[in-house]
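Trainee:
Numbering (the numbering used here), first residue to last: 533 to 775.
1) Could you tell me if residue 568 is buried or exposed, where buried requires 16 or more neighbouring beta carbons within 10 angstroms of its beta carbon?
2) Quick check for students: name the residue ranges of the beta strand (DSSP E) that lie wholly in the stretch 617-693, counting only runs of 3 or more.
3) Are residue 573 and residue 579 touching if we call contact CB-CB under 8 Å?
4) Suppose you measure from the CA of residue 715 to the CA of residue 624; what does that come to, to the nearest Å?
5) Go through its chain and collect everything with a Cβ distance to residue 699's Cβ below 7 Å, but skip five positions before and after it.
6) Answer with yes or no whether the minimum CB distance from residue 569 to chain B is below 8 Å.
7) For the alpha helix (DSSP H) holding residue 719, just list the boundary residues, first then last.
8) Exposed or buried, what is residue 642 when buried is set at 16 or more other beta-carbons lying within 10 Å of its beta-carbon?
9) If we count the other Cβ atoms within 10 Å of its Cβ and call it buried at 16 or more, is residue 622 buried or exposed?
10) Is it true that the CB of residue 610 sits closer than 8 Å to the CB of residue 673?
11) Exposed or buried, what is residue 634 when buried is set at 16 or more other beta-carbons lying within 10 Å of its beta-carbon?
12) Quick one: give me the first and last residue of the beta strand (DSSP E) that residue 742 is part of.
13) Tell me, which residues are paired with residue 756 by DSSP?
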């Protein structure tokens with residue numbers, strides 16, 4: 533853009549733009565799809581239920597195209613639950629995203645955080661909190677389909693019992709795209725890519741039969757933080773055989 537000042541037309545600036553486009557625009561979504569596909573293929577009951585839902589949608593579609601629209605896919609309850617659970621266990625990014633209150637002191641319990649102090653928390657700690665998400669290490673799309681909590685959420689304490697099935701409560705803490713004015717600008721694009729890819733892979737029109745090949749949970753469990761999540765050293769990623 534010729535209207536940019538010369539200080540912005542530098543090689544370091546181009547490198548930063550390229551890093552942002554690649555890191556935020558491809559790696560994060562690819563990792564999320566990797567995690568989701570692993571858990572779908574590792575759990576036959578999830579695979580069966582998802583395929584049944586996609587088959588029903590294809591059967592009721594008037595289109596002769598093999599692809600369904602994002603608008604149609606995002607209204608599927610079970611697919612949406614699979615996507616939410618995949619986002620929960622892929623975290624978006626694993627690095628801490630800093631926020632600063634420039635002028636006002638913040639209170640956290642008995643502590644006072646002075647103005648200008650960077651404050652941050654990784655999404656992993658939130659998404660794996662058993663008080664918010666019971667059995668947090670388990671890929672369980674059904675948690676997003678429960679319509680009522682087992683008991684009213686407490687105003688003073690948060691327990692597993694108080695939030696089980698409380699979908700609005702869980703959604704408050706599902707933050708793979710962060711929150712607020714600095715949340716991910718590409719969120720809707722990422723959702724579109726995830727829904728369309730899963731619909732193509734596991735739907736009856738154009739979908740293929742896949743079976744995990746020399747792949748285990750260690751290949752999607754996060755061990756390293758390179759801003760983006762990464763599995764253990766030596767992992768060869770999620771691999772499948774096409775049948």
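C-beta atoms are modelled at their ideal positions from N, C-alpha and C, and glycine is treated no differently.
Mentor: This is what the structure holds:
1) buried
2) 638-640, 643-645
3) yes
4) Cα to Cα, residue 715 sits roughly 11 Å from residue 624.
5) 676, 678
6) Protein chains in the displayed structure number just one, and chain B is not present.
7) 719-734
8) Residue 642 is classed as exposed because its beta carbon has fewer than 16 other beta carbons within 10 Å across all chains shown.
9) buried
10) In this structure, residue 610 lies closer than 8 Å to residue 673 by Cβ.
11) exposed
12) 742-744
13) 762
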